[in-house]
Ligand code: SF4
């Protein structure tokens with residue numbers, strides 16, 4: 094039975110984290126496990142233990158497998174993983190079942206397993222079609238792996254999304270345009286474009302600290318972002334979230350749950366969960382996760398219940414990422430607050446600056462100018478947990 098509770102209280106979506114990777118890309122600060130493939134069976138047992146804590150099988154509308162690289166391990170392991178998940182997380186008919194994949198290791202056998210288990214959407218970490226950019230990002234695939242993977246996936250799975258990164262050291266606007274042209278030519282239904290970030294402690298950050306690589310200027314990054322908006326718009330993609338573009342009908346339903354600030358399950362090492370107003374985070378180390386899950390302890394290492402006022406501000410922060418922004422009626426129903434009463438002066442300020450547009454019926458959304466400085470606009474309303482003072 095589907096839950097009768099509203100989707101911001103009880104999850105209609107689940108994320109499962111598969112941490113294994115062949116090696117760590119220079120810019121990556123995700124919760125991953127490199128050189129630990131011998132722990133894959135233990136990881137399945139730990140996931141099973143965590144799933145068992147759900148109490149009963151859960152009916153959901155979207156299931157997303159990310160990492161790490163879920164397709165790094167063998168077809169047989171993937172098969173066992175998907176059998177396990179199908180016992181606990183039941184995707185409703187017409188639901189979305191997506192998986193992140195590396196173009197270098199997605200062979201026909203793995204695609205067959207994914208398709209046979211009902212995967213509907215594959216998100217390929219293509220990042221760039223330029224050999225030099227891939228090298229500076231430490232990616233382990235070659236440009237030609239991407240069209241090959243797209244062709245293979247398309248024979249069995251209908252929806253393909255490509256991830257692209259812009260702003261790599263040394264990358265030119267012309268190289269970025271070429272990346273966008275190549276991506277468009279493969280005719281994916283969805284594209285995500287992320288500006289490269291230098292996360293503290295990553296190998297890329299250390300190289301930048303030592304002066305071995307030079308981050309692009311903010312102006313250059315902005316030109317790249319605006320180029321993506323223009324080129325993908327011309328190709329019929331809807332710019333439906335700050336970093337995401339979709340052909341009509343192909344928005345990521347799973348990620349839309351996050352941007353709606355709705356509840357979601359999160360399972361596996363480092364996964365985030367939000368249910369009944371409580372946000373919690375699983376331990377980020379493989380050893381810690383395995384030890385806790387396999388000994389029957391909770392896998393979360395922190396959790397917080399936001400008071401209603403903060404939850405409403407958080408909802409504004411998430412909603413502003415979407416093209417439709419914060420919709421008055423939805424917002425009131427979900428949070429119990431009137432948007433104007435809560436943040437009217439801040440909205441008026443940003444409307445004056447041209448970073449937000451507002452109308453009385455629909456709501457408030459970022460303008461094109463606002464999208465270019467989205468982080469600072471959003472932080473005027475709400476600071477993400479990682480950026481709050483502790
Ligand atoms: S493949 Fe993805 S998760 Fe793995 S190291 Fe590279 S960026 Fe990180």
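Residue numbers (the numbering used here): 94 to 483. Ideal placement from N, C-alpha and C gives every residue a C-beta, glycine not left out.
Burial check for residue 408: the Cβ neighbour count within 10 Å reaches 16 or more, so the residue is buried.
Distance from the C-beta of residue 117 to the nearest heavy atom of ligand 1 is below 7 Å.
Placement of the Cβ of residue 259 at a distance of 7 Å or more from every heavy atom of ligand 1 is found.
Boundaries of the beta strand (DSSP E) around residue 152: 151-160. With contacts defined by Cβ atoms closer than 8 Å, residue 328 and residue 282 do not form a contacting pair. Taken in chain order, the whole beta strand (DSSP E) runs of length 3 or more contained in the segment 308-388 are 331-334, 337-339, 358-360, 365-368, 371-375. In this model, residue 351 and residue 236 are separated by some 31 Å (Cα to Cα). Residue 450 is bridged by DSSP to 458.
The DSSP-derived three-state label of residue 403 is helix. In the DSSP assignment, residue 428 falls outside any beta strand (DSSP E) and lies within the alpha helix (DSSP H) extending over 421-428.
Your pair residue 107 and residue 182 checks out as a contact, with CB atoms roughly 5 Å apart and the cut at 8 Å.
As the crow flies, the alpha-carbon of residue 465 is around 18 Å from that of residue 261. For residue 190, the uninterrupted beta strand (DSSP E) segment begins and ends at 182-194. Residue 180 and residue 288 have their C-alpha atoms some 38 Å from each other. As DSSP reads the structure, residue 256 sits in a beta bridge with 285. CA-to-CA, the gap between residue 344 and residue 336 works out to about 12 Å.
For residue 465, the CB stays at least 7 Å from every heavy atom of ligand 1. DSSP places residue 106 within a strand segment (E or B) once states are collapsed to three. In this structure, DSSP gives residue 212 a state outside helix and strand, which the three-state scheme calls coil.
Note on residue 254: 16 or more other CB atoms within 10 angstroms of its CB, so buried under the neighbour-count rule. Taken atom to atom, the span from the alpha-carbon of residue 312 to that of residue 444 is near 23 Å. Note on residue 411: 16 or more other CB atoms within 10 angstroms of its CB, so buried under the neighbour-count rule. Taking 7 Å as the cut-off, the C-beta of residue 198 does not count as close to any heavy atom of ligand 1. Annotated three-state conformation of residue 127 is strand, per DSSP. Sixteen is the threshold: when 16 or more other Cβ atoms of the shown chains lie within 10 Å of the Cβ of residue 246, as they do, the residue is buried. For residue 217, the pairing in a beta bridge is given by DSSP as 194, 255. Under DSSP, the beta-bridge partners assigned to residue 114 are 127.
Separation of the CB atoms of residue 143 and residue 386 is rounded to 5 Å, and the pair is thereby assigned contact status at 8 Å. The alpha carbon of residue 135 has as its nearest neighbour, out of 275, 269, 294, 382, the alpha carbon of 382. For residue 448, the shortest C-beta to heavy atom distance toward ligand 1 is 7 Å or greater.
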